[in-house]
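Numbering (the numbering used here), first residue to last: 5 to 292.
Yeah, the Cβ is synthetic: ideal placement off N, Cα and C, and Gly gets one too.
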């Protein structure tokens, strides 16, 4: 078993991305609705992430809403040449946390895309991801809009979020899918078939919620392994993802400078064959 890890991934065949990126959801208010209490802290975290070698930042128009994109621009514009900002459209936030609705209609996606371009001060978004397939809108209608926006030069590459293998295959009829962003971690591997399909197709897999939620017997076991290796549980979970598949890009999010630096150091953790086998054994691979 090869336990070495690659530090970069070539997204879409032309964007060289450092696999340890940054997710910009938590730089908004704690409930994801409105400005953070200390916007300057969020700006410092973004700037520090880039200083530490991050060249891929993941965000979405509904983080805040709009606040995350605005803070990224304030912190980092004009952007360094190799910085890649990925954003998403297709959800509408009306309040804190889960007060969101799907809207992947062409009219909403048009407004969302144009809004992101304006807030981020970009003429073209390097990675635009459909935040969710909308059950109220036939998927081909959303896909056709994205393909047209790409032809118009507003989008460089297109990705998807929370999708099955069949949905990726359907989207591939309309455009080249370069990324998939699904919930996945060492403790939640129900999307393993999607990861494997993405790997076979050269598609980046971007896991969100890379540890899982709440303390369970599995997280307690993960903590014991982390304690033995003298790392945090989050660092161990991130390191496992880097070792698990070369097409995985990480976007751990935080508004805390110490946690940011701690997360970045996860790429330096060495896992040997026994570590990986032990971590793999925490969960059974389950198909969706």
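Restricting attention to 194, 175 and 283, the CA atom closest to the CA of residue 226 is found in 283. Contact check between the stretch 135 to 155 and the stretch 10 to 24: fewer than three CB pairs, one atom from each, fall below 8 Å, which does not count as touching. Contact between residue 215 and residue 255 is absent: CB atoms are separated by about 13 Å, not below the 8 Å threshold. In chain order, 106 place their CB closer than 7 Å to the CB of residue 140, counting only its own chain and leaving out the 5 sequence neighbours on each side. Note that the C-beta distance between residue 20 and residue 57 is not below 8 Å. The criterion of a C-beta distance shorter than 8 Å is satisfied by residue 167 and residue 137. Shown here for residue 235: same chain residues with a beta carbon closer than 8 Å to its own, the five before and five after excluded, namely 243, 270 and 273 in chain order. Within the stretch 80 to 120, the beta strand (DSSP E) runs of at least 3 residues that lie entirely inside it are, in chain order, 88 to 93, 95 to 97 and 104 to 106. Within a 10 Å sphere around the beta-carbon of residue 133 sit 16 or more other beta-carbons, which makes this residue buried.
DSSP, reduced to helix, strand and coil, places residue 201 within a helical segment of the structure shown.
Distance from residue 172 to residue 184 at the Cβ level is roughly 6 Å; contact confirmed, criterion being Cβ atoms closer than 8 Å. Contact between residue 75 and residue 31 holds: CB atoms are separated by about 6 Å, below the 8 Å threshold.
For residue 170, the enclosing alpha helix (DSSP H) covers residues 169 to 175. In the assembly as shown, residue 228 is an exposed residue. Its beta-carbon has fewer than 16 other beta-carbons within 10 Å. Between residue 253 and residue 208 the beta-carbon gap is near 5 Å, inside 8 Å, which marks them as a contact. Straight through space, the alpha carbons of residue 280 and residue 249 are spaced by roughly 12 Å.
For residue 65, no alpha helix (DSSP H) encloses it, and the DSSP letter there is neither H nor E. Proximity to residue 197 across 170, 83 and 33 peaks at 170, based on C-alpha coordinates. Remark: C-beta atoms of residue 117 and residue 67 do not approach each other more closely than 8 Å.
In this structure, residue 62 sits near residue 25, with a CB-CB distance shorter than 8 Å. Within the model, the alpha-carbon separation for residue 238 versus residue 262 is close to 13 Å. Cβ atoms of residue 123 and residue 77 come within 8 Å of each other, at about 6 Å. DSSP places residue 262 inside the alpha helix (DSSP H), whose first and last residues are 261 to 268.
Under the three-state reduction of DSSP output, residue 7 falls in the coil class, being neither helix nor strand.
Taking all protein chains shown into account, residue 145 has fewer than 16 neighbouring C-beta atoms within 10 Å of its C-beta and is therefore exposed. Taking 8 Å as the cut-off, the beta carbon of residue 149 is found no closer than this to the beta carbon of residue 179.
Selection 112, 260, 275 and 265 evaluated against residue 230 yields 275 as nearest (Cα-Cα). The three-state secondary structure of residue 127, taken from DSSP, is coil. Put simply, the backbone Cα of residue 165 is about 5 Å away from that of residue 135. Cβ neighbours of residue 110 within its own chain (closer than 7 Å, five residues either side excluded): 145 and 149.
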